[in-house]
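Numbering (this note's numbering), first residue to last: 335 to 587.
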């Protein structure tokens, strides 16, 4: 405010505003080149994490957030590979696989919404040393910090949500659990038959809730890491002056 009063007073005393423009430029230059303060570092990092996790969660929680992303799409558990290899032995097998895969992803999209408040609590509780270690750490330092400090709580929050979601009629009025049971039971029936015995097939028993929970968390942290890397390396991703000042320090490393 004092600087503004000085500038206005100076302008009134001048015969030309050319000098005012020069003063404004010098003032802006002084402001942007001033050393970044401790408070700015703390606020800037926490702000960036808030933005990053909100964007990551929003992108994953929409329809096809998982299913439409080849890198994050949930497939059947590895234990179910024999089903894929012998799908022709199960009546309507391919359709059951497609429905099960779609349902798995719908469940993950549904559960990931639980992440935001847990992440925000961890960010709020970051100490000054946490902030500085993350800010000047590796490209995924923030993601690793969040993983270390939220994974167990996230898993505990995801698990009941995943269980609830798996029981919902998500695809063609059939739940994920029903789709999986139809598929796995159909395969196990074949595996337990004389034909299955001759073919060397083995029955499968997978904890679907645990599988979806862990895969959803893996995808979430992968997405958070992408958002973190963007703000660290791409000036365009620094959408506020504060973020530009704080993360601009990394450009000089």
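Where is the CB? At the ideal position from N, CA and C, for every residue including glycine.
Since the model is a prediction, treat every value here as computed from it, not as a measurement.
**Beta-carbon proximity of residue 379 to residue 476, cut-off 9 Å** = yes
**Request:** Can you check the stretch 458-546 for any alpha helix (DSSP H) of at least 4 residues that lies completely inside it and give the ranges in chain order?
**Result:** 462-469, 475-500, 510-525, 528-533
**Prompt:** DSSP state of residue 582, grouped into three classes?
**Reply:** helix
**Message:** Using only the alpha-carbon positions, how far apart do residue 377 and residue 550 sit?
**Reply:** 29 Å
**Asked** Roughly how many angstroms lie between the CA atoms of residue 523 and residue 460, to the nearest whole one?
**Response** 53 Å
**Prompt:** Leaving out the 5 sequence neighbours to the left and right, which residues in its chain are closer than 6 Å to residue 427 when beta-carbon positions are compared?
**Reply:** 421
**Prompt:** Helix or strand or just coil, what does DSSP make of residue 369?
**Reply:** coil
**Asked** Given that a residue counts as buried once 16 or more other Cβ atoms are within 10 Å of its Cβ, and exposed if not, what is residue 610?
**Response** Residue numbering for the chain in the displayed model covers 335 to 587; residue 610 lies beyond these limits and cannot be assessed.
**Asked** Taking all protein chains shown into account, do 16 or more other C-beta atoms lie within 10 angstroms of the C-beta of residue 574, making it buried, or fewer, making it exposed?
**Response** exposed
**Asked** Would the beta-carbon of residue 416 fall within 9 Å of that of residue 536?
**Response** yes
**Message:** Between the stretch 395-412 and the stretch 435-443, can you find at least three pairs of beta-carbon atoms closer than 8 Å?
**Reply:** yes
**Asked** Can you list, in chain order, the stretches of the alpha helix (DSSP H) that have 4 or more residues and sit fully within the stretch 378-453?
**Response** 415-419, 427-445
**Prompt:** Whose CA, out of 472, 581, 468, 547, lies closest to the CA of residue 498?
**Reply:** 547
**Message:** Give me the residue from 479, 394, 519, 462 with the minimum Cα distance to residue 373.
**Reply:** 462
**Alpha-carbon spacing of residue 465 relative to residue 519, whole angstroms** = 50 Å
**Message:** Once the 5 residues before and after residue 579 are set aside, which same chain residues still bring their CB inside 8 Å of it?
**Reply:** 366, 370, 374, 378
**Message:** Restricting to Cα atoms, I'd like to know which of 557, 368, 480 is closest to residue 404.
**Reply:** 557
**Item:** 8 Å contact criterion, which residue 553 and residue 400 should meet: CB distance rounded
**Value:** 6 Å
**Asked** What whole-angstrom Cβ distance do residue 561 and residue 390 have, given they're in contact under 8 Å?
**Response** 5 Å
**Classification of residue 472 by the beta-carbon crowding that lies within 10 angstroms, buried from 16 upward** = exposed
**Prompt:** Hey, residue 445 and residue 492: beta-carbon distance below 9 Å or not?
**Reply:** yes
**Message:** Just verifying my parser: in three-state terms, what is the DSSP assignment at residue 568?
**Reply:** coil
**Message:** Quick test of your reading: residue 456 and residue 486, contact by CB under 8 Å. State the CB separation rounded to the nearest angstrom.
**Reply:** Their Cβ separation, rounded to whole angstroms, is 11 Å, which puts residue 456 and residue 486 out of contact at 8 Å.
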